[in-house]
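Some notes on the structure that comes next.
Numbering (this note's numbering), first residue to last: 709 to 1066.
Spelled out as structure tokens, the structure:
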């Protein structure tokens, strides 16, 4: 990172070699601004920050290193830094492959023992680029760092490993008791943990919109972004689109064959599974217009099982149907379109997300 503070840092362009981490940024800014770490926010007691300020290095390139221990973990890949030493291990898996078939090798009943994974060891002061693995020459140091990793993982609620993808291993949390959530048109930036849980079961998205003569385009509702999320939006031709992206690796998109009618319209995307199975089953539609069934198609989810696509339902007299889905390896425009896109509705109306039970 680059820090510029002409009034405090005299040697512009000089480098610092002390270990730092992104969690050090907030403590550093607070110290530089002379603001104490908040112990409570809106009356709620806060956990202490784990980061360490590196403001003391601004005036002294040779200042002592204060951030001496740091753990890392992402979907089973893990590392630990301590006093210049770096130990790391990773599962034998492509980083973007989180299919159930792959993950079951580390799931419950697999027999996987994380203590038997191959670890590497590097000494960063002499090998900053981690080019020479010295684990064989320093077995005692490696065992020390492995023990430190487990201590830090326990303290920071990292365990169990692979817990963040437990849903793909068949371990779904209970469906919330509240099965219908309504958002007004001016609601935005809903906290990630409060977004309706749509994975692993059927759900529906319904929006009340007002389409002016001549049509409109924009995002009705979007969650996250093209690196992992979903969106319901209207394109420049007035067609309704639904996009679902799994970490930007698997992306699915459905588009209606006809544009949305003008006037007061209620649009609905109905997503029905043939079974409540995590990550393995694509949806099947049961949507209808006023008198005609919506066309069904099929997509493959995780290259394992086949099912049918989402359907579009309109509270209008024009019968519409969904097209065959397009699967792509590149991000689609859905959540991206929320950046500055005009609202499809001239009046910001409610959007409802309804998991099963309603």
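Virtual Cβ for every residue (Gly too), placed ideally from N, Cα, C. Keep in mind the model is a prediction, meaning the values are calculated, not measured.
For the alpha helix (DSSP H) holding residue 810, just list the boundary residues, first then last. 808-811
Rounded separation between residue 805 and residue 758 - CA only: 31 angstroms
Other residues of its chain near residue 777: CB distance less than 6 angstroms, five sequence neighbours each side excluded: 790
Given residue 838, which residues of its chain have a CB within under 7 angstroms of its CB, disregarding the five upstream and five downstream residues? 794 and 830
How would you write the range of the alpha helix (DSSP H) that residue 949 sits in, first residue to last? Where residue 949 is concerned, there is no enclosing alpha helix (DSSP H), although the beta strand (DSSP E) it sits in stretches over 948-954.
Just curious, the beta strand (DSSP E) that residue 919 is in, first and last residue? 911-919
Boundaries (first-last residue) of the alpha helix (DSSP H) holding residue 857: 847-863
DSSP three-state assignment for residue 738, whether helix, strand or coil: helix
Would you list the one or two residues that DSSP bridges to residue 795? 788 and 829
So, is residue 928 buried or exposed, given that buried needs 16 or more other C-beta atoms within 10 angstroms? buried
Are there 16 or more other CB atoms within 10 angstroms of the CB of residue 851, so buried, or fewer, so exposed? exposed
The region 967-974 / the region 912-929 touching (three or more Cβ pairs under 8 angstroms): yes
Could you tell me the distance, in whole angstroms, from the CA atom of residue 888 to the CA atom of residue 780? 37 angstroms
Between residue 711 and chain C, is any beta-carbon pair separated by less than 8 angstroms? Of the protein chains in the structure, only one exists, and it is not chain C.
So, do the region 805-822 and the region 761-775 have three or more beta carbon pairs nearer to each other than 8 angstroms? no
Between the CA atoms of residue 977 and residue 911 - distance to the nearest angstrom: 8 angstroms
Who are the Cβ neighbours of residue 1042 in its own chain at under 6 angstroms, not counting the five residues just before and after it? Legend: pLDDT at residue 1042 = 37, less than 50; position of this residue unreliable, value from coordinates given subsequently. Correct list, in chain order: 939, 941 and 951.
Less than 8 angstroms between the beta carbons of residue 853 and residue 861, yes or no? no
Rounding to the nearest angstrom, what Cα-Cα distance links residue 955 and residue 903 in this structure? 17 angstroms
Going by alpha carbons, who is nearest to residue 835 out of 944, 792, 849 and 808? 792
Classification of residue 900 by the beta-carbon crowding that lies within 10 angstroms, buried from 16 upward: exposed
Beta-carbon separation (whole angstroms), residue 855 vs residue 826, contact threshold 8 angstroms: About 17 angstroms separates the two Cβ atoms, so there is no contact after all.
Same chain, Cβ closer than 7 angstroms to residue 734, five either side skipped, listed in chain order: 757 and 759
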